[in-house]
Structure formats: C-alpha cells, structure tokens
Amino acid sequence: MTDSLALYSARRGLGILGGTFDPVHAGHLCLARAALDAVPLVRVELMPAGEPWQKSRISPGIHRLNMLRIAVEYEPQCRINTSELCRSGATYTIDTVSRLREEVGPDMPLVLILGSDQWFNLSTWREWQSLTDFVHIAYCARDGVRESEIPESQALWAAPRMTEARKLVFSPSGRIARFEMAPHRASATAIRRTLAREPFARAMSSLDGWLDPGVASYIRTHGLYQPARH
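Reminder that position 126 of the sequence shown reads as 137 in the numbering used here, one-by-one numbering, no gaps.
Dropping the structure here:
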C-alpha cells in the first residue's frame, strides 16, 4: 500500500453530532452511520443539547440522555458527549466547538456533522462563519433540496472551503464537505405529536420502526410525550 492510500484508509479524528434528541430516533443513527461511511473518522460523538437557544419546551436532559444511551448501546463507533448538558444557560454551537478544540488540541481533525435542515439554517446560528476556525463541517444532502436554496452569504462563504468528505481528516479544521444519506422519514416532532394524540400501541404502529424498542419502552415507562392521565 502506498503512503497516499494508507492516508486515505486510516481513520482519524472525531465527528460531532449535536441535537436535542427528543427523542433519539432511527434517523439520527442513520445520519451518524452515513457520516462514518463518508468520512474516515474514529468515531462520532453524539452531543445532546443543554438549553438550545432556538428551541424551548424540550424534555429534561436526564431523559434525553438515558434514551440516547439505550439507542447507541450497540453502535460501537458512537459515543455520548455530555458537555452541553453539563453547562447552564443557553448553549451555542460556536462555544461548544471552541471548547472542544481546546480539549483535543490543535492537530486532531474535528468534524461537525449536520443534517440537511441544520445546514440550510446555518446562517441563523450565532457566529456561524467562525465555526470552521475550530472544526470541519460535513453536511447531509437531501433529495429534492437544491444547493441554490441556501442564503447567498452562506453559499459564498462555503464555496472556497468545499472538499471531498474523505479528505476532511487530512487537516484539523477549515473545510466543508457534502455527503449522501439514504432518505429517512423519521422526525422527532412527528414522534412527539403521534404519541400525544394516539394510544401508545397504535402510535408505535404508526411510527413504523422509527424508535429503538428500548427507547420506546423508556418513553412508555416514564410517560414522555403522552397525554396527561386523569
């Protein structure tokens, strides 16, 4: 094997996949696996949000964390990072990645993994243009969404930083890559709404395998997302 091929085959660096995970579902895990297939990372760290500034009325962190632990039990390349849960007040991605860069040092490749919705809303994030000072960005392409739909300021910022996903591990930060993922309909919002309006067994049938059985059992045991009982 040549040195060049060895570089391409070696797994290096960490992926960061954040979200409220309220609840964690099959789509989240598919996104993590797709990123691992596209970018030769050692692992993906799933980072449940503490108090995300763009969302309100999320479930307590302990429940979201426990469901995430159940979901990744048999995902050997996925680990949980609780750094945002341990912080008080509103959490911003720019603060998270700057702290993470301090922790791992200047040389380790760090890749922020974004779903397509996160990518198309990136320009609404705090100090979004500074993210690549600390990490790479790998975002998921979604069928039916054109790149021309992102804001012009974001497109102009991203264009000179674009590269192939597999090359993100060649440097610590600063680049952006797109990767493919098979379509997945799972939605945390849809899960919560379905559980709120339907009996549990019927809701599980409607959700068609979106939830890990252990996560579904946890939701039922703790009465999450379900109508209040009188």
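Glycine residues also receive a C-beta, built at the ideal position from the N, C-alpha and C atoms.
Here the structure is a predicted model, which is why all the values come from computation and not from measurement.
Quick check on the burial criterion: 16 or more other C-beta atoms within 10 angstroms. Buried or exposed for residue 169?
For the purposes of this step, residue 169 is taken as residue 158 along the sequence shown, with counting starting at 1. Classification for residue 169: buried.
Using three-state DSSP, classify residue 229 as helix, strand or coil.
Position 218 of the sequence shown, counted from the start, is the residue given in the question as residue 229. Helix.
I need the straight-line Cα distance from residue 19 to residue 98, nearest angstrom please.
Translated into positions along the sequence shown, residue 19 becomes position 8. Translated into positions along the sequence shown, residue 98 becomes position 87. For residue 19, the pLDDT reaches just 46, beneath the cut-off of 50, and the residue's location in the model is therefore unreliable, leaving the point undetermined.
With C-beta atoms as the reference, is residue 51 less than 8 Å away from residue 180?
Mapped onto the sequence shown, residue 51 falls at position 40. Mapped onto the sequence shown, residue 180 falls at position 169. A contact, by the Cβ cut-off of 8 Å.
Using the C-alpha atoms, what's the distance from residue 160 back to residue 209?
The residue labelled residue 209 in the question sits at position 198 within the sequence shown. The residue labelled residue 160 in the question sits at position 149 within the sequence shown. Using only the alpha carbons, I get a separation of about 36 Å.
Span of the beta strand (DSSP E) holding residue 151?
Counting from one through the sequence shown, the residue named residue 151 turns up at place 140. Note, residue 151: beta strand (DSSP E), 147-151.
Checking 8 Å against the spacing of the C-beta atoms, do residue 113 and residue 102 come in under that value?
Working through the sequence shown from its first residue, we reach residue 113 at position 102. Working through the sequence shown from its first residue, we reach residue 102 at position 91. Against a cut-off of 8 Å, the Cβ pair of residue 102 and residue 113 comes out as no contact.
Quick one: give me the first and last residue of the beta strand (DSSP E) that residue 189 is part of.
Within the sequence shown, numbered from 1, the residue matching residue 189 stands at position 178. Per DSSP, residue 189 belongs to the beta strand (DSSP E) from 187-190.
Same chain, Cβ closer than 7 Å to residue 126, neighbours up to 5 away in sequence not counted
Here the question's residue 126 lines up with position 115 in the sequence shown. Taken in chain order, the residues that qualify are 42, 151.
For residue 86, write down the residues that DSSP places opposite it in a beta bridge.
Position 75 of the sequence shown, counted from the start, is the residue given in the question as residue 86. Residue 86 pairs with nothing; no bridge assigned.
Just the Cα atoms here: how many angstroms apart are residue 56 and residue 149?
Position 45 of the sequence shown, counting from 1, holds the residue named residue 56. Position 138 of the sequence shown, counting from 1, holds the residue named residue 149. Taking the straight line from one Cα to the other gives about 14 Å.
Should residue 15 go down as buried or exposed, given a rule of 16 or more other Cβ atoms within 10 Å for buried?
Here residue 15 refers to the residue found at position 4 when the sequence shown is read from its first residue. Confidence in residue 15 is poor, its pLDDT being 44 and thus under 50, which makes the residue's placement too unreliable to answer from.
DSSP three-state label for residue 91, please.
Counted from its first residue, the sequence shown places residue 91 at position 80. Correct three-state label for residue 91: strand.
Secondary structure at residue 163, three-state DSSP: helix, strand or coil?
Position 152 of the sequence shown, counted from the start, is the residue given in the question as residue 163. In this structure, residue 163 counts as helix in the three-state DSSP scheme.
Using the three-state DSSP reduction, which class does residue 132 fall into: helix, strand or coil?
Along the sequence shown, read from residue 1 onward, the residue named residue 132 stands at position 121. Three-state result, residue 132: coil.
Return the first residue and the last residue of the alpha helix (DSSP H) that residue 69 is part of.
Position 58 of the sequence shown holds residue 69. Taken as a continuous stretch (DSSP letters only), residue 69 belongs to no alpha helix (DSSP H), as it is neither H nor E.
Residue 204 (DSSP reduced to helix, strand or coil)
Position 193 of the sequence shown, counted from the first residue, corresponds to residue 204. Three-state result, residue 204: helix.
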